[in-house]
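Reviewing the structure listed below.
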Amino acid sequence: MTSIADETALWSRARSGDGRAFASVFDLHRDRAFRHALRLVASAHDAEDVVAAAFFELWRKRDRVSVVDGSVLPWLLVTTTNLARNTGRGLRRHRAAIDRLPRSADLVDPAETAEERIAREHLLTAVRALGEQDAALVVLTALEDLTVADAGAALGLSPGAARVRLHRARKKLRDRLGPADPLLDTPLPEGAAR
1 MTSIADETAL
11 WSRARSGDGR
21 AFASVFDLHR
31 DRAFRHALRL
41 VASAHDAEDV
51 VAAAFFELWR
61 KRDRVSVVDG
71 SVLPWLLVTT
81 TNLARNTGRG
91 LRRHRAAIDR
101 LPRSADLVDP
111 AETAEERIAR
121 EHLLTAVRAL
131 GEQDAALVVL
141 TALEDLTVAD
151 AGAALGLSPG
161 AARVRLHRAR
171 KKLRDRLGPA
181 DPLLDTPLPE
191 GAAR
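Everything in the sequence shown is counted per UniProt numbering, starting at 1 for the first residue and increasing by one.
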């Protein structure tokens with residue numbers, strides 16, 4: 001694992017236009033960005049496209065990227081989230097056009113049980129119903145293991161504001177999903193305040 005000092009040095013060189021240093025930053029964070037994107041989009045293909053676009057944006061905006069505790073990962077995860085949402089909007093428009101066509105029998109994913117599909121849809125619906133920042137806070141802390149302070153910093157929030165927003169977002173999710181949802185029971189990363 002690369003230390004924060006190593007990543008800071010790599011990012012400094014990448015910001016100066018060093019392609020090899022940027023490639024090292026890519027190697028350092030691509031798997032995490034891909035896993036994050038895969039949770040947000042419909043397929044591995046879409047996730048690969050989102051990650052490629054996120055790293056393109058990281059390169060393009062390298063002089064303006066917000067670094068949190070020496071790492072570009074929080075910025076990258078937020079950008080990945082935003083790009084996945086854009087992909088989702090495009091897919092929804094495409095699906096709406098397809099839905100206007102005559103339908104054949106609905107296809108079912110054999111790997112996913114009906115109960116799992118229903119639970120997943122309820123969770124996605126509940127998270128999407130949150131505001132953009134609240135949904136991002138939930139995803140970054142519960143699924144990406146960022147501390148509340150780091151997730152807040154990536155979203156431009158103070159640690160206190162991030163804690164309050166996360167608390168309220170989790171309460172909204174509990175009200176919609178019930179207390180037994182695993183996303184709500186995920187402990188916060190070490191050093192994070194509840």
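Note that beta-carbon positions come from the ideal geometry of N, C-alpha and C, so glycine has one too.
Does the beta-carbon distance from residue i to residue j come in below 8 angstroms?
i           : j      : result
Ala154      : Leu77  : yes
Thr79       : Leu40  : no
Leu173      : Ala126 : yes
residue 205 : Val72  : Residue 205 is absent from the structure shown; the chain starts at 1 and stops at 194.
Arg89       : Arg15  : no
Val51       : Trp11  : no
Leu140      : Ala151 : yes
Glu57       : Leu28  : no
Gly70       : Ile4   : yes
Asp31       : Thr87  : no
residue 216 : Ala169 : No statement about residue 216 is possible, as the shown extent of the chain runs from 1 to 194 and does not include it.
Ala53       : Leu83  : yes
Would you mind sorting residue i into buried or exposed? The rule is 16 or more other CB atoms within 10 Å of its CB.
i      : result
Phe55  : buried
Ala105 : Unreliable placement is indicated for Ala105, whose pLDDT of 46 sits below 50; no coordinate value is reported for it.
Throw me the rounded Cβ distance for the residue i and residue j pair, which I believe falls under 8 angstroms.
i      : j      : result
Leu177 : Leu123 : 7 angstroms
- Item | the segment 15-24 / the segment 32-42 touching (three or more Cβ pairs under 8 angstroms) | No contact exists between the segment 15-24 and the segment 32-42.
- Message: So within the segment 126-175, which uninterrupted beta strand (DSSP E) runs reach at least 3 residues, ignoring any that extend past its ends?
- Response: none
- Inside the UniProt domain "RNA polymerase sigma-70 region 2" (26-92) only - beta strand (DSSP E) runs reaching at least 3 residues: none
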